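S.K.: Going left to right, the sequence shown walks through residues 2 to 97 as the working numbering numbers them.
The structure's right below; bear with me while I get my questions together.
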Amino acid sequence: MAVSIPEELRAFGITSKEFVEKKRGLAKSAETEVNDNDVIWELFQDLTKKALSYEMLQMLFWNMAIFKDKLGQNSFEYQQKSHKSRLLDLEQKGKT
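Spelled out as structure tokens, the structure:
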């Protein structure tokens with residue numbers, strides 16, 4: 002079953018297969034039907050744990066903010082995290 006993955010996740014290499022597997026795993030633990038938006042959010046969370054650089058975190062947090070905006074939710078926290086990651090990246094590279 003092919004699932005339409007949002008561009009924000011496809012950009013980080015998430016496939017339909019990974020989406021379906023995550024959805025099944027969440028449904029098992031919740032013992033109920035899981036909303037696609039919840040699956041998308043969990044995949045974003047997983048990606049932040051695997052990020053190898055502040056630059057990657059910056060992009061992830063920014064995309065998480067965009068996703069929150071699309072849902073009509075407050076994205077300020079994730080915008081802040083994105084900017085903080087950007088500053089940490091610059092500091093790490095000796096540019097501040």
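Yeah, the Cβ is synthetic: ideal placement off N, Cα and C, and Gly gets one too.
Owing to the predicted nature of the structure, the values given are computational and were not obtained by experimental measurement.
Is Ala66 buried or exposed, if buried means 16 or more other CB atoms sit within 10 Å of its CB?
M.R.: Classification of Ala66: buried, given that the 10 Å Cβ count is 16 or more.
S.K.: Can you look up Ser54 in the DSSP assignment and give me helix, strand or coil?
M.R.: Of the three classes helix, strand and coil, the one that applies to Ser54 here is coil, per DSSP.
S.K.: Please state whether DSSP places Val40 in a helix, a strand or coil.
M.R.: DSSP places Val40 in helix when its eight states are reduced to three.
S.K.: With a threshold of 16 other CB atoms inside 10 Å of the CB of Phe62, please say whether the residue is buried or exposed.
M.R.: When all chains shown are included, Phe62 counts as buried.
S.K.: Using alpha carbons as the reference points, say which of Glu8, Arg11, Gly95 and Trp42 lies closest to Lys23.
M.R.: The candidate whose alpha carbon is nearest that of Lys23 is Trp42.
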